[in-house]
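Colleague: Protein chains in written order, with our numbering: chain A, 24 to 153; chain B, 206 to 610.
From the three backbone atoms N, C-alpha and C, an ideal C-beta is built for every residue, glycine too.
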Amino acid sequence: MAYSDKVVDHYNNPRNVGSLDKDSENVGTGVVGAPECGDVMKLQIEVEGDTIVDAKFKTFGCGSAIASSSLATEWIKGKKVDEALEITNTEIVEELSLPPVKIHCSVLAEDAIKSAIADYKQKSSDGDEA
Amino acid sequence: MELPIYLDYQATTPVDPRVLEAMMPYFTHAFGNAASRSHSFGWDAEGAVDKARKQIASLIGASSKEIIFTSGSTEGINLAIKGAVEMHGAKGKHIITTLVEHKAVLDTCKHLEKQGCEVTYLEPDSTGLVTAEQVAEAIREDTVMVAMIWANNEIGTVNPIREIGAVCHERGVLFFVDGTQAVGKIPVDVGADNVDLMCLSGHKIYGPKGVGCLYVRRRNPRVRIVAQMDGGGHERGMRSGTINVPGVVGLGAACAVAEEDLEKDAAHSIALRERFEEKVLAELDYTTVNGNHEHRLPGCSNVSFCYVEGESLIMGVKDLAVSSGSACTSASLEPSHVLRACGVGDELAHSSIRFGFGRMTTEEDVDFAAEQVISAVKRLRELSPLYEMVLEGVDLSTVQWQAEH
Chain A
24 MAYSDKVVDH YNNPRNVGSL DKDSENVGTG VVGAPECGDV MKLQIEVEGD TIVDAKFKTF
84 GCGSAIASSS LATEWIKGKK VDEALEITNT EIVEELSLPP VKIHCSVLAE DAIKSAIADY
144 KQKSSDGDEA
Chain B
206 MELPIYLDYQ ATTPVDPRVL EAMMPYFTHA FGNAASRSHS FGWDAEGAVD KARKQIASLI
266 GASSKEIIFT SGSTEGINLA IKGAVEMHGA KGKHIITTLV EHKAVLDTCK HLEKQGCEVT
326 YLEPDSTGLV TAEQVAEAIR EDTVMVAMIW ANNEIGTVNP IREIGAVCHE RGVLFFVDGT
386 QAVGKIPVDV GADNVDLMCL SGHKIYGPKG VGCLYVRRRN PRVRIVAQMD GGGHERGMRS
446 GTINVPGVVG LGAACAVAEE DLEKDAAHSI ALRERFEEKV LAELDYTTVN GNHEHRLPGC
506 SNVSFCYVEG ESLIMGVKDL AVSSGSACTS ASLEPSHVLR ACGVGDELAH SSIRFGFGRM
566 TTEEDVDFAA EQVISAVKRL RELSPLYEMV LEGVDLSTVQ WQAEH
């Protein structure tokens with residue numbers, strides 16, 4: 024299967040690879056997928072005020088999965104949390120020209136963003152209660 | 206060194222120059238139809254086909270009358286299994302096969318199941334091996350045939366064919382063997398190995414694509430099958446259709462070369478395989494070689510690189526032509542049915558790559574390949590959340606994964 028140039032670029036030069044301190048209060052972590060399905064994405068955000076100031080990812084998966092999560096971190100960095108929630112998998116599909124068989128990679132990336140934000144919100148509401 | 210390096214010898218092989226040379230005249234001036242009896246064009250073609258038949262028979266320990274030319278192994282498999290079941294329907298409709306067969310056998314069996322046959326699928330051990338005891342236990346009164354692979358195309362495991370064949374003969378059951386990967390790579394003697402029917406394919410043994418043959422035993426027992434294609438009654442009525450003379454000549458030449466070079470080829474492939482595995486295993490942790498380490502095809506190395514997904518690894522070793530298993534199933538995203546049957550978990554099956562070494566592979570190729578694999582795995586593990594979790598001491602089997610499917 025031929026990959027698009029953008030997928031190859033993200034695969035060869037993934038943006039924002041790494042990990043943030045998952046115990047930090049202003050860090051939200053999302054881990055989606057499962058090893059037996061061949062895809063696991065971990066996406067983390069660091070939030071200051073209501074802005075995502077940093078994002079990191081690690082992905083076990085095919086080139087399209089790596090590219091989708093790399094692109095997701097690139098897009099959410101600098102966005103307000105609520106803006107990041109508006110990113111949809113179809114935008115990722117379009118940007119990376121993913122073929123139909125790889126659409127689930129983009130779905131997973133969207134899920135990873137939402138899951139990381141949910142984790143962050145959960146943490147900050149717990150913090151408010153304390 | 207030319208890039209990319211071809212390391213997919215179980216998918217197909219290049220045509221050996223000696224084979225190509227033997228074929229050439231039959232495309233040009235010696236173009237006759239081997240069935241033409243009225244002129245020298247036909248006689249020359251027939252002579253060339255007869256010679257090829259002898260060369261093939263010699264390699265596998267058969268007589269030349271027992272060789273039926275086909276378009277390849279898929280046709281040989283269909284003809285052998287369907288042809289035998291159709292011939293012996295009165296005896297019964299039970300077939301024994303294994304879970305680690307090529308799709309051509311599995312799908313032929315599925316087809317026959319729809320037509321009322323019963324099929325027993327033997328489960329291999331964790332190395333992909335099926336034993337004679339398992340076969341003996343599965344044989345019933347109404348068993349027509351045992352159909353199984355000699356050497357597995359994905360993991361290279363070599364089955365104890367001689368022992369299994371002895372069981373089949375003792376119990377009066379036909380024994381069909383898919384010899385596609387084994388012939389020309391390991392010693393094959395259909396007489397001593399108790400094989401009744403066996404398919405092989407030209408392009409797996411440095412011959413041309415689109416040609417193969419089915420060995421059909423003529424004595425003890427005399428095997429009879431029903432043709433699956435009607436026509437001119439070629440190949441003793443078992444396979445109609447004008448013989449592909451250049452292809453058949455190539456298949457014969459490939460068998461002659463394989464017979465002459467069998468030991469040399471095997472030693473070469475084993476040395477390369479071991480060189481590759483030593484290098485990779487020395488540099489990478491959480492890496493295992495699948496299949497049976499004792500009974501394995503010389504040139505086949507199926508390796509699981511934990512916590513790295515196979516497709517991304519293939520993308521990372523862009524100068525290597527490798528595959529994640531069978532070429533016939535590489536279009537699907539499902540993990541290999543062979544590794545699954547061996548009890549390899551889906552997560553590890555997704556992390557497995559098949560490396561195939563052969564006659565034209567060099568040490569330089571292997572060294573380059575090992576380096577590229579090692580650096581790609583290391584890079585992808587830097588990207589892998591699973592590898593990070595394992596290094597942190599997390600037991601992945603206890604993690605609640607959030608997956609929809």
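In terms of residues, what are the limits of the alpha helix (DSSP H) holding residue 573(B)?
Modeller: On the second sequence, residue 573(B) is found 368 positions in, with the first residue counted as 1. Here the alpha helix (DSSP H) through residue 573(B) covers 568–587.
Colleague: Where residue 39(A) and residue 471(B) are concerned, what is the direct C-alpha to C-alpha distance, given to the nearest angstrom?
Modeller: As a first step, residue 39(A) is located in the first sequence; it is residue number 16 there, counting from the start. As a first step, residue 471(B) is located in the second sequence; it is residue number 266 there, counting from the start. Straight-line Cα distance between these residues: approximately 47 Å.
Colleague: So with Cβ pairs under 9 Å, would you call residue 89(A) a contact of chain B?
Modeller: Within the first sequence, numbered from 1, the residue matching residue 89(A) stands at position 66. So, interface residue.
Colleague: Express the C-alpha separation of residue 353(B) and residue 384(B) in angstroms, rounding to a whole number.
Modeller: Taking the first residue of the second sequence as position 1, residue 384(B) is located at position 179. Taking the first residue of the second sequence as position 1, residue 353(B) is located at position 148. Roughly 9 Å separates the two Cα atoms.
Colleague: Would you mind listing the beta strand (DSSP E) stretches within the region 390–414 of chain B that are 3+ residues and don't spill past its ends, in chain order?
Modeller: 402–406
Colleague: Which of the residues in the region 39–71 of chain A, read from start to end, lie with their CB under 8 Å from any CB of chain B?
Modeller: 40, 42, 54, 55, 56, 57, 58, 59, 60, 61, 62, 63, 64 and 65
Colleague: With 9 Å as the threshold, decide whether the Cβ of residue 37(A) is near any Cβ in chain B.
Modeller: By one-based count along the first sequence, residue 37(A) stands at place 14. Chain B contact via Cβ: present.
Colleague: Find out if the Cβ-Cβ distance for the pair residue 225(B), residue 543(B) is shorter than 9 Å.
Modeller: Here the question's residue 225(B) lines up with position 20 in the second sequence. Here the question's residue 543(B) lines up with position 338 in the second sequence. Not closer than 9 Å, so no.
Colleague: Hey, quick one: how far does the alpha helix (DSSP H) through residue 258(B) stretch, first residue to last?
Modeller: Taking the first residue of the second sequence as 1, we reach residue 258(B) at position 53. Residues 245–265.
Colleague: Please list, in chain order, the residues of the region 80–107 of chain A that have any C-beta partner in chain B closer than 7 Å.
Modeller: From the region 80–107 of chain A, only 81, 82, 83, 84, 85, 86 and 89 have a Cβ closer than 7 Å to chain B.
Colleague: Check the Cβ of residue 34(A) against every Cβ in chain B and list those closer than 7 Å, keeping chain order.
Modeller: Your numbering for residue 34(A) matches position 11 in the first sequence. Those are 520, listed as they occur along chain B.
Colleague: Identify the continuous beta strand (DSSP E) that holds residue 339(B) and give its terminal residues.
Modeller: Taking the second sequence and counting its residues from 1, the one referred to as residue 339(B) is at position 134. That residue, residue 339(B), is in no beta strand (DSSP E); its alpha helix (DSSP H) goes 337–343.
Colleague: Using a Cβ cut-off of 9 Å, pull out every chain A residue sitting near residue 209(B), in sequence order please.
Modeller: As a first step, residue 209(B) is located in the second sequence; it is residue number 4 there, counting from the start. Chain A residues near residue 209(B): none, gap ~15 Å exceeds 9 Å.
Colleague: Around the Cβ of residue 132(A), are there at least 16 other Cβ atoms within 10 angstroms (buried) or fewer (exposed)?
Modeller: Reading the first sequence from its first residue, position 109 is the one you call residue 132(A). Counting the other CB atoms within 10 Å of its CB gives residue 132(A) a total of 16 or more, which places it among the buried residues.
Colleague: Report yes or no: do the region 121–131 of chain A and the region 74–87 of chain A share at least 3 C-beta pairs separated by less than 8 Å?
Modeller: yes
Colleague: In whole angstroms, what is the alpha-carbon distance linking residue 212(B) and residue 567(B)?
Modeller: By 1-based counting over the second sequence, the position of residue 212(B) is 7. By 1-based counting over the second sequence, the position of residue 567(B) is 362. Taking the straight line joining both Cα atoms gives about 11 Å.
Colleague: Smallest Cα separation from residue 364(B): which of 371(B), 372(B) and 355(B)?
Modeller: The count along the second sequence starts at 1 and reaches residue 364(B) at position 159. Minimum Cα distance to residue 364(B) is reached at 355(B).
Colleague: Given residue 238(B), which residues of its chain have a CB within under 7 Å of its CB, disregarding the five upstream and five downstream residues?
Modeller: Here the question's residue 238(B) lines up with position 33 in the second sequence. So the list reads 247, 250 and 447, once near-sequence residues are dropped.
Colleague: Quick one: what does DSSP say residue 72(A) is sitting in, helix, strand or coil?
Modeller: Residue 72(A) sits at position 49 when you count from the first residue of the first sequence. Residue 72(A): coil per DSSP, three-state reduction.
Colleague: DSSP beta-bridge partners for residue 299(B)?
Modeller: Taking the second sequence and counting its residues from 1, one reaches residue 299(B) at position 94. Its beta-bridge partners are 323(B) and 348(B).
Colleague: Give the residues from the region 545–567 of chain B that approach chain A closer than 9 Å (Cβ to any Cβ), ordered along the chain.
Modeller: Here the close residues are 550, 551, 552, 553, 554, 555 and 556.
Colleague: Any chance you could list the beta strand (DSSP E) runs of at least 3 consecutive residues sitting entirely within the region 33–73 of chain A, in chain order?
Modeller: 50–57 and 62–71
Colleague: Measuring CB to CB, does residue 288(B) end up less than 9 Å from residue 403(B)?
Modeller: As a first step, residue 288(B) is located in the second sequence; it is residue number 83 there, counting from the start. As a first step, residue 403(B) is located in the second sequence; it is residue number 198 there, counting from the start. Residue 288(B) places its beta carbon 9 Å or farther from that of residue 403(B).
Colleague: What residues are listed by DSSP as bridge partners for residue 506(B)?
Modeller: The sequence position of residue 506(B) within the second sequence is 301, counting from 1. In DSSP, residue 506(B) forms a bridge with 560(B).
Colleague: Near residue 410(B), which residues of its chain fall below 6 Å by C-beta distance, leaving aside the five closest residues on each side in sequence?
Modeller: In the second sequence, residue 410(B) corresponds to position 205, counting from 1. Contacts found: 389, 459 and 463.
Colleague: Mind the definition here: the region 474–493 of chain B touches the region 41–57 of chain A only if three or more C-beta pairs lie below 8 Å; say whether that holds.
Modeller: Per the Cβ contact rule, the region 474–493 of chain B is not in contact with the region 41–57 of chain A (fewer than 3 Cβ pairs under 8 Å).
Colleague: For residue 140(A), list the residues DSSP reports as bridge partners.
Modeller: If you number the first sequence from 1, residue 140(A) lands on position 117. Residue 140(A) pairs with nothing; no bridge assigned.
Colleague: Under the three-state reduction of DSSP, which class applies to residue 525(B): helix, strand or coil?
Modeller: Against the second sequence, residue 525(B) aligns to sequence position 320. DSSP places residue 525(B) in strand when its eight states are reduced to three.
Colleague: Could you tell me whether the Cβ of residue 28(A) comes closer than 9 Å to any Cβ of chain B?
Modeller: In the first sequence, residue 28(A) corresponds to position 5, counting from 1. With 9 Å as the cut-off, residue 28(A) does not count as an interface residue toward chain B.
Colleague: Could you tell me which residues DSSP pairs with residue 607(B) in its beta bridges?
Modeller: On the second sequence, residue 607(B) is found 402 positions in, with the first residue counted as 1. Checking the DSSP bridge columns, you'll see residue 607(B) partnered with 56(A).
Colleague: With a threshold of 16 other CB atoms inside 10 Å of the CB of residue 150(A), please say whether the residue is buried or exposed.
Modeller: For the purposes of this step, residue 150(A) is taken as the residue at position 127 of the first sequence. Burial call: exposed.
Colleague: Compute the Euclidean distance between the alpha carbons of residue 274(B) and residue 257(B), then round it to the nearest angstrom.
Modeller: Residue numbering aside, residue 274(B) sits at position 69 when the second sequence is read from its first letter. Residue numbering aside, residue 257(B) sits at position 52 when the second sequence is read from its first letter. So the alpha carbons of these two residues sit roughly 10 Å apart.
Colleague: Can you find a C-beta in chain A that's less than 9 Å from the C-beta of residue 331(B)?
Modeller: As a position in the second sequence, residue 331(B) is number 126, starting the count at 1. Nearest CB-CB separation between residue 331(B) and chain A: not below the 9 Å threshold.
Colleague: At the level of alpha carbons, what is the spacing between residue 535(B) and residue 118(A)?
Modeller: As a first step, residue 535(B) is located in the second sequence; it is residue number 330 there, counting from the start. As a first step, residue 118(A) is located in the first sequence; it is residue number 95 there, counting from the start. Residue placement at residue 535(B) is poorly supported in this model, since its pLDDT is 44, which falls under 50; the coordinates still yield a value, given next. Straight-line Cα distance between these residues: approximately 26 Å.
Colleague: Closest Cβ-Cβ distance between residue 142(A) and chain B: below 9 Å?
Modeller: One-based indexing of the first sequence puts residue 142(A) at position 119. Closer than 9 Å: no.
Colleague: For chain B, check one thing: does any of its Cβ atoms lie closer than 9 Å to the Cβ of residue 138(A)?
Modeller: As a working note, residue 138(A) is residue 115 in the first sequence. So yes, residue 138(A) belongs to the interface.
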